[in-house]
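K.L.:
Numbering-wise (our numbering), the sequence shown opens with residue 1 and increments by one. Attaching a single structure in structure tokens format; questions to follow.
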Amino acid sequence: MKELRLNKKLFSIFNDYDQFQIFTDDDGFPNYDDLNAEFDKIFEKFDVVIVNEDDYIYGEKNGKRELIIPDAFEAFSIALEVVNDEN
């Protein structure tokens, strides 16, 4: 299965304005005061964020993965575009 590994810079572009609602409450409302601080928290917890071709978003640290968001609509295609644009 194809997957893309995103560092903090790529992840912040990928999740621009929290389009995948990673940092929202159960009702879909923002659950933060500072989005950049939330990106910092993600990368304190994980070394890298991985998006696979099934549109699942994982965090990975020391080879162990944790699911962040399942079935994030068009996540892989957006991540691929970000990676290609930045390289």
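Glycine is no exception: its CB is placed at the ideal position from the N, C-alpha and C atoms.
1. Are the CB atoms of I42 and G59 nearer to each other than 8 angstroms?
2. Check whether chain C comes within 8 angstroms of L10, counting only Cβ atoms and requiring the distance to be less than that.
3. Taking 7 angstroms as the cut-off, is the C-beta of D16 nearer than that to any heavy atom in the ligand FAD?
4. Since I believe D55 is in contact with A72 (beta carbons under 8 angstroms), could you give me their beta-carbon distance rounded to a whole number of angstroms?
5. Do F23 and Y32 have their CB atoms nearer than 8 angstroms?
6. Which residues does DSSP pair with L6 in a beta bridge?
P.N.:
According to the structure data:
1. Inclusion of I42 and G59 in the CB contact set at 8 angstroms is warranted, their separation being smaller than that value.
2. Absence of chain C from the displayed structure is noted, only one protein chain being present.
3. Summarising the ligand content, the structure contains no ligands, and the ligand FAD is consequently not present.
4. Confirmed, about 5 angstroms.
5. Cβ atoms of F23 and Y32: closer than 8 angstroms.
6. In the DSSP output, where bridge partners are listed per residue, L6 has V49.
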